[in-house]
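Student: I'd like to ask you about the structure that follows.
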Amino acid sequence: MRSDVVWWGLVRSDVFCLGLQVVELVVDSCLSGDGEVEGLTDEYKELQILSMVNIGLNSLSKLPSLPKLRKLEVSDNTISGGLDTLAEKCPDLTHLNLSGNKIKELRGVEPLQSLKNLKSLDLYGCEVTTLDDYREGVFELLPQLTYLDGYDQEDNEGPDSEGNHGDDDDDE
Numbered sequence: 052m053r054s055d056v057v058w059w060g061l062v063r064s065d066v067f068c069l070g071l072q073v074v075e076l077v078v079d080s081c082l083s084g085d086g087e088v089e090g091l092t093d094e095y096k097e098l099q100i101l102s103m104v105n106i107g108l109n110s111l112s113k114l115p116s117l118p119k120l121r122k123l124e125v126s127d128n129t130i131s132g133g134l135d136t137l138a139e140k141c142p143d144l145t146h147l148n149l150s151g152n153k154i155k156e157l158r159g160v161e162p163l164q165s166l167k168n169l170k171s172l173d174l175y176g177c178e179v180t181t182l183d184d185y186r187e188g189v190f191e192l193l194p195q196l197t198y199l200d201g202y203d204q205e206d207n208e209g210p211d212s213e214g215n216h217g218d219d220d221d222d223e
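Under our numbering, the residue at position 103 of the sequence shown is numbered 154, and the numbers go up by one with no gaps.
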């Protein structure tokens with residue numbers, strides 16, 4: 052089976068499926084033409100890790116259904132909201148990196164309440180982190196979280212945290 056995938060008009064790759072399933076996909080720095088997720092379809096149903104760092108995204112509304120996705124890296128984009136689609140399309144999400152985006156208020160992360168498996172959220176470099184009682188507010192809003200910006204509620208560093216906000220190279 053052959054399917055063509057076009058990434059934002061900049062990179063073209065032919066994907067030949069020979070019984071292998073894509074479980075990790077990295078398209079960092081491949082610019083999005085209109086600020087939306089393009090070229091990624093729900094044919095990637097086995098995808099567990101997706102990294103779209105610094106690609107010019109301002110929305111995740113066109114993200115396809117990725118039922119097995121556990122880790123989503125979308126740091127250094129211009130996402131300001133619209134996270135409500137994640138619970139429906141990525142119900143097993145456990146790690147979400149939104150660092151360096153345009154999230155300004157706690158209500159911007161309210162839709163993440165529906166992600167019952169979410170354990171780690173990174174908002175480092177977002178304007179919301181400058182709010183008084185930011186950490187307490189996020190942990191109260193999202194009680195399922197274990198780690199926020201790489202630290203737990205008692206400010207203990209998480210096992211995957213190395214101070215590389217937005218540059219997470221380890222894959223669990």
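For each residue, glycine too, the CB sits at the ideal point set by N, CA and C.
Among all the DSSP beta bridges, which residues are the ones paired with Lys47?
Tutor: This structure cannot settle anything about residue 47, because the visible part of the chain is limited to 52 through 223.
Student: Assuming Glu97 contacts Lys113 under a Cβ cut-off of 8 Å, what Cβ separation, rounded to an integer in Å, is found between them?
Tutor: Not really, about 20 Å apart at Cβ, beyond 8 Å.
Student: Looking at the structure shown, is Tyr175 part of a helix, part of a strand, or coil, going by DSSP?
Tutor: Coil.
Student: Pull the bridge partners of Tyr198 from the DSSP assignment, please.
Tutor: Beta-bridge pairing links Tyr198 to Ser171.
Student: Count the other CB atoms within 10 Å of the CB of Asn207; is the residue buried (16 or more) or exposed (fewer)?
Tutor: Classification for Asn207: exposed.
Student: If Leu123 and Cys141 are in contact, beta carbons under 8 Å, what's the gap, nearest whole angstrom?
Tutor: Right, their Cβ atoms sit about 7 Å apart.
Student: Considering Glu205, what are the terminal residues of the beta strand (DSSP E) in which it resides?
Tutor: First-last for Glu205: undefined, no H or E at that position.
Student: Can you check which of these residues, Leu172, Val179 and Asp183, is closest to Asp203 by C-alpha distance?
Tutor: That would be Leu172, whose Cα lies nearest to the Cα of Asp203.
Student: Taking the alpha helix (DSSP H) that Val189 falls in, what are its first and last residues?
Tutor: Unbroken alpha helix (DSSP H) run through Val189: Tyr185 to Leu192.
Student: Give the DSSP-derived three-state secondary structure of Leu76 in the structure shown.
Tutor: The answer is strand: DSSP assigns Leu76 an E or B state.
Student: Is the CB-CB distance between Gly201 and Gly209 below 8 Å?
Tutor: Contact: yes.
Student: According to DSSP, simplified to helix, strand and coil, what is Ser116?
Tutor: The answer is coil: DSSP assigns Ser116 none of H, G, I, E or B.
Student: Under a three-way DSSP split, which group does Leu137 fall into?
Tutor: Leu137 falls in the helix class under three-state DSSP.
Student: Tell me which same chain residues have a C-beta within less than 8 Å of the C-beta of Lys170, skipping the five on either side of it?
Tutor: Excluding sequence neighbours, Lys170 sits near Thr145, His146, Gln195, Leu196, Thr197 and Tyr198.
Student: Identify which residue in Leu166, Arg121, Lys153 and Val74 has its Cα closest to the Cα of Asp135.
Tutor: Out of Leu166, Arg121, Lys153 and Val74, Leu166 has the C-alpha closest to the C-alpha of Asp135.
Student: If I'm right that Asp79 touches Ile100 with Cβ under 8 Å, what's the distance once you round it to whole angstroms?
Tutor: About 12 Å; that fails the 8 Å criterion.
Student: Exposed or buried, which one is Gly151 when buried takes at least 16 other CB atoms within 10 Å?
Tutor: By the 10 Å Cβ count, Gly151 comes out buried.
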